[in-house]
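One line per chain: the protein sequences are A and B, in this order. Here the first sequence is numbered in my numbering, starting from 548 and rising by one per residue. Here the second sequence is numbered in my numbering, starting from 548 and rising by one per residue. Here is the structure we will look at, set down as structure tokens.
There are 2 protein chains.
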Amino acid sequence: MGRWVIIAPERAERPSAFLRPPPEADGGICPFCPGNESMTPPEVLSRREDGASWSLRVVPNRYPALRTELQLVREGVGLFDGMAGVGAHEVVIETSDHRATLAELPAEQTGSVLRAWQERMADLARDIRLKSMIAFKNHGAAAGATLSHAHSQLIALPFVPGGVETELRAARRHFEEKERCIFCDVMAQELRDKERVAAETEGAVALSPWAARSPFELWILPRSHCSSFETATAQELRAIADLLRILLRKIDVALEKPAFNLFLHTMPLREPPNEYYHWHLELKPVLTLQAGFEWASGCYINPTPPEEAASFLRQTEVFP
Amino acid sequence: MGRWVIIAPERAERPSAFLRPPPEADGGICPFCPGNESMTPPEVLSRREDGASWSLRVVPNRYPALRTELQLVREGVGLFDGMAGVGAHEVVIETSDHRATLAELPAEQTGSVLRAWQERMADLARDIRLKSMIAFKNHGAAAGATLSHAHSQLIALPFVPGGVETELRAARRHFEEKERCIFCDVMAQELRDKERVAAETEGAVALSPWAARSPFELWILPRSHCSSFETATAQELRAIADLLRILLRKIDVALEKPAFNLFLHTMPLREPPNEYYHWHLELKPVLTLQAGFEWASGCYINPTPPEEAASFLRQTEVFP
Chain A
548 MGRWVIIAPE RAERPSAFLR PPPEADGGIC PFCPGNESMT PPEVLSRRED GASWSLRVVP
608 NRYPALRTEL QLVREGVGLF DGMAGVGAHE VVIETSDHRA TLAELPAEQT GSVLRAWQER
668 MADLARDIRL KSMIAFKNHG AAAGATLSHA HSQLIALPFV PGGVETELRA ARRHFEEKER
728 CIFCDVMAQE LRDKERVAAE TEGAVALSPW AARSPFELWI LPRSHCSSFE TATAQELRAI
788 ADLLRILLRK IDVALEKPAF NLFLHTMPLR EPPNEYYHWH LELKPVLTLQ AGFEWASGCY
848 INPTPPEEAA SFLRQTEVFP
Chain B
548 MGRWVIIAPE RAERPSAFLR PPPEADGGIC PFCPGNESMT PPEVLSRRED GASWSLRVVP
608 NRYPALRTEL QLVREGVGLF DGMAGVGAHE VVIETSDHRA TLAELPAEQT GSVLRAWQER
668 MADLARDIRL KSMIAFKNHG AAAGATLSHA HSQLIALPFV PGGVETELRA ARRHFEEKER
728 CIFCDVMAQE LRDKERVAAE TEGAVALSPW AARSPFELWI LPRSHCSSFE TATAQELRAI
788 ADLLRILLRK IDVALEKPAF NLFLHTMPLR EPPNEYYHWH LELKPVLTLQ AGFEWASGCY
848 INPTPPEEAA SFLRQTEVFP
């Protein structure tokens, strides 16, 4: 049916692969805490500001959905198509502090996380078998997190997944017709209306988009046009990190520390800059479940109009 | 971005619209139980075999995502498109017995549920503003059910949703190339291989499909080609109902009564029979969560190969 699925039997070894008992009891030993570095595979990136202790580490996932050591073999199986699970699956340990959430970290540390995504993306892009990278964060058990210590994940894929392809196609179509970036157009319209703007700074804008799929869905966009996260400047990353931090603090107050998914939308790897796509982050507090209707139709029912969500967040005060 | 979302603020009145406390405590009053009929809107269909008590009721949803009383107005809002929420949202109360699950009902009652879907579909198809009907069932809180009394839901939409359109397009493309139904082709190949066949009867086949998106995802197909559920014969419905009941009993044993989503894939309303599409049911036990990666990429990671799921279910014995 034209979709790729990653069949990853190794991930069933994870204690929580099937929803059963609550994942890691916090009393257990956390593999992401200082002193337990030997519980993770060797790090591929780390920050040690003073030589003493680390403030951020990136390590390969111990239960990877994909592996770089495989040969990229594609084969037909009767009607179907198969491909070896070539790719990379890494974990960004966002802080050495077991209890701190991304929202609670100092502003520089939020920036450091986005820079780590970008550095790893540049490195992974050197493997030409890899076609795209998905950066995401699951915060809280309801959002799919199996460990509570703040972390995000990077998955580099040997194909461009359907969801990314669909968005690129829509953006290309808009550009062909109007010769303008659809995200720049949306931002301009939303900044005039204000209704769906949740927060804005000099460098970035946060919207609860028209046709938001779930309550308090948010997009965080750099104001200036830039197609790929890979080529974003340090200043652009900083602007997005600062606004992300404000939003995380706002949803913590407004929605009582909800579970959330955060993810990056950007061009596939190694694409030259273009005028039609505009990288951004998407933030989805987990307040409703995807159920039968969504599975059956690919369509969503959202009980919270985006204008209400944006207005509520605009009025939520947080301290820097 | 080319997708429709239903913004339904009325549904936020539901106590469980936001995941918070566990929905209905079972000690509360169940609006679907005999004696509490006044707690639901008036029924649009019911079965009373002996004139005494009902065995199945269909009622409009008290918190509808869509309503038939609205005018179908479409409008542009700057870059965006809006449409009044015209449609129908009904609930099929599958039994008068508060404690019985669909798996536990007698075989005739499972058939009665599918026939109720079909009867309502025929009635809703008379409203030419409605373009498609989604029939689905959420069983268990983890699958999105807010009431435990066995029920399914019908949503008729004024458009054909993206997920349905994508599957139809893939089936049409296969037919244009091969002049064969892709589902008939898949069934023939799977019945030769046996690996991914979970159960089969004279009239129907259950597969854990190639590239299953989640553990134990299952498709239940009528053996003989039929494009639309709307025109399925009583015999075909009975064959699917009987196999569905066997599978529900198998997953209850194999996966310890999991939460699940069940849904119908069929042609949009009022389409004449065709050779390229083949209606079927899809059954998804809820064993993993959709998390950041899935949201970001539209792609899935499945820790259970479909061959293992099918083999496990083939070996699971259930009594009729």
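Quick reminder that beta carbons are idealized off the backbone N, C-alpha and C, glycines included.
Exposure label - residue i; buried when at least 16 CB within 10 Å
i	result
Gln700 of chain A	buried
Met586 of chain B	exposed
Lys831 of chain A	buried
Val624 of chain A	exposed
Pro819 of chain A	exposed
Ile576 of chain B	exposed
Val620 of chain A	exposed
Arg720 of chain B	exposed
Ala599 of chain B	exposed
Ala745 of chain A	buried
Asn849 of chain B	buried
Glu666 of chain A	exposed
Thr835 of chain B	buried
Pro611 of chain A	buried
Gln862 of chain B	exposed
Arg673 of chain B	exposed
Coarse secondary structure for residue i, derived from DSSP in three states
i	result
Val833 of chain A	coil
Phe683 of chain B	strand
Asp789 of chain B	helix
Ile554 of chain B	strand
Val620 of chain A	coil
Ala745 of chain A	strand
Ala650 of chain B	helix
Val591 of chain A	coil
Ser876 of chain A	Here chain A comprises residues numbered 548 to 867, so residue 876 of chain A is not present and cannot be evaluated.
Pro570 of chain B	Confidence at Pro570 of chain B is low in this model, with a pLDDT of 48, below 50, so the placement of that residue should be treated as unreliable; the coordinate-derived value is given next. Pro570 of chain B: coil per DSSP, three-state reduction.
Arg817 of chain B	coil
Val638 of chain B	strand
Val865 of chain A	coil
Asp644 of chain B	coil
Arg796 of chain A	helix
Leu613 of chain A	coil
Leu701 of chain B	strand
Boundaries (first-last residue) of the beta strand (DSSP E) holding residue i
i	result
Pro769 of chain A	765-769
Leu738 of chain B	It is not in any beta strand (DSSP E) - Leu738 of chain B instead sits in the alpha helix (DSSP H) that spans 729-740.
Phe706 of chain A	Per DSSP, Phe706 of chain A belongs to no beta strand (DSSP E) and is neither H nor E.
Ile675 of chain A	First-last for Ile675 of chain A: undefined, no H or E at that position.
Ile892 of chain B	As displayed, chain B neither begins before 548 nor continues past 867, which places residue 892 of chain B out of reach and without an answer.
Gly632 of chain A	Unbroken run through Gly632 of chain A: none, as it is neither H nor E.
Phe807 of chain A	807-812
Val752 of chain A	751-754
Tyr823 of chain A	First-last for Tyr823 of chain A: undefined, no H or E at that position.
Tyr847 of chain A	847-849
Contact set between residue i and chain B, taken where Cβ atoms lie within less than 7 angstroms
i	result
Arg760 of chain A	Val552
Ile787 of chain A	The premise fails here: Ile787 of chain A is roughly 16 angstroms from chain B at the closest Cβ pair, so nothing lies under 7 angstroms.
Trp766 of chain A	Going along chain B, no residue has its Cβ under 7 angstroms from Trp766 of chain A, so there is no contact; the nearest lies around 11 angstroms.
Val660 of chain A	The premise fails here: Val660 of chain A is roughly 14 angstroms from chain B at the closest Cβ pair, so nothing lies under 7 angstroms.
Gly625 of chain A	Gln736
Ala650 of chain A	Going along chain B, no residue has its Cβ under 7 angstroms from Ala650 of chain A, so there is no contact; the nearest lies around 16 angstroms.
Alpha helix (DSSP H) segment containing residue i, residue limits
i	result
Ser858 of chain B	853-862
His721 of chain A	709-725
Asp670 of chain A	654-671
Ser602 of chain A	No alpha helix (DSSP H) holds Ser602 of chain A; DSSP gives it neither H nor E.
Gly839 of chain A	839-844
Within chain A, partners of residue i - CB distance below 7 angstroms
i	result
Asn685 of chain B	Ala838, Gly839
Ile798 of chain B	Per Cβ cutoff of 7 angstroms: no residues; Ile798 of chain B is ~13 angstroms from chain A at best.
Asn808 of chain B	Ala838, Gly839, Trp842
Interface partners of residue i on chain A, CB under 9 angstroms
i	result
Lys831 of chain B	Gly839, Trp842
Ala691 of chain B	Note that residue 691 of chain B is Gly in the sequence shown here, rather than Ala. Those within 9 angstroms of Gly691 of chain B in chain A are Thr835, Leu836, Gln837, Ala838, Gly839, Phe840, Glu841.
Ala745 of chain B	Result: empty, since nearest Cβ-Cβ is about 16 angstroms, beyond 9 angstroms.
Beta-carbon neighbours of residue i, restricted to chain A and to distances below 8 angstroms
i	result
Leu708 of chain B	The sequence given here places Pro at residue 708 of chain B; Leu does not occur at that position. Going along chain A in sequence order, the residues near Pro708 of chain B (Cβ under 8 angstroms) are Ser844, Gly845, Cys846.
Under 9 angstroms from the C-beta of residue i: neighbouring residues of chain B
i	result
Ile681 of chain A	Gly839, Phe840, Ala843, Ser844, Cys846
On the three-pair Cβ rule with 8 angstroms, is the region 698-715 of chain B touching the region 723-731 of chain B? no
Does the region 794-808 of chain A come within contact of the region 641-650 of chain B, defined as at least 3 CB pairs closer than 8 angstroms? Taking a contact to require three or more Cβ pairs closer than 8 angstroms, the region 794-808 of chain A and the region 641-650 of chain B do not qualify as touching.
For the region 650-657 of chain B against the region 762-778 of chain A, are there 3 or more C-beta pairs whose distance is under 8 angstroms? no
Quick check: the region 669-678 of chain B against the region 792-800 of chain B, are there 3 or more CB pairs under 8 angstroms? no
Give a yes or no on contact between the region 838-856 of chain A and the region 754-770 of chain A, applying the rule of three or more CB pairs nearer than 8 angstroms. These segments touch.
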